[in-house]
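J.:
Residue numbers (the numbering used here): 467 to 547.
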């Protein structure tokens, strides 16, 4: 196995505020999509049925290679402009 499939759910109403849940990590896309099918009718998820995302990740590889700044730092930086 060189890849896994990760399922997240985001219940954000506006796409800006994140309400993200890690659902699980699966060996195949079929297994990941099966989780989505099982969970979509459940309370909360059924209110945001399009909030599921299945992502493929290669194992033993860095996937976030840049640094990061906090929201406060980003807002402070935008005020300087």
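Positions of the beta carbon are idealized from the N, C-alpha and C atoms, including for glycine.
List the residues that DSSP assigns as beta-bridge partners of residue 472.
T.: Stepping through the chain shown from its first residue, residue 472 is reached at position 6. According to DSSP, residue 472 bridges with 491, 521.
J.: If I'm right that residue 501 touches residue 490 with Cβ under 8 Å, what's the distance once you round it to whole angstroms?
T.: Taking the first residue of the chain shown as position 1, residue 501 is located at position 35. Taking the first residue of the chain shown as position 1, residue 490 is located at position 24. Indeed, because the Cβ distance is near 6 Å, the residues count as touching under 8 Å.
J.: To the nearest angstrom, how far is it from the Cα of residue 536 to the Cα of residue 496?
T.: Here residue 536 corresponds to residue number 70 of the chain shown, with the count starting at 1. Here residue 496 corresponds to residue number 30 of the chain shown, with the count starting at 1. Approximately 36 Å, taken between the alpha carbons.
J.: For the structure I just gave you, are there three or more beta carbon pairs, one from the region 514-530 and one from the region 467-477, closer than 8 Å?
T.: yes
J.: Could you pull the start and end residues of the alpha helix (DSSP H) that residue 538 belongs to?
T.: Indexing the chain shown from 1 puts residue 538 at position 72. Start and end: 537-546.
J.: Does residue 540 pass the burial test, meaning 16 or more other C-beta atoms within 10 Å, or should it be called exposed?
T.: By one-based count along the chain shown, residue 540 stands at place 74. Residue 540 comes out exposed.
J.: Given residue 518, which residues of its chain have a CB within under 6 Å of its CB, disregarding the five upstream and five downstream residues?
T.: Stepping through the chain shown from its first residue, residue 518 is reached at position 52. Once the five neighbours on either side are set aside, the close Cβ partners of residue 518 are 475, 502.
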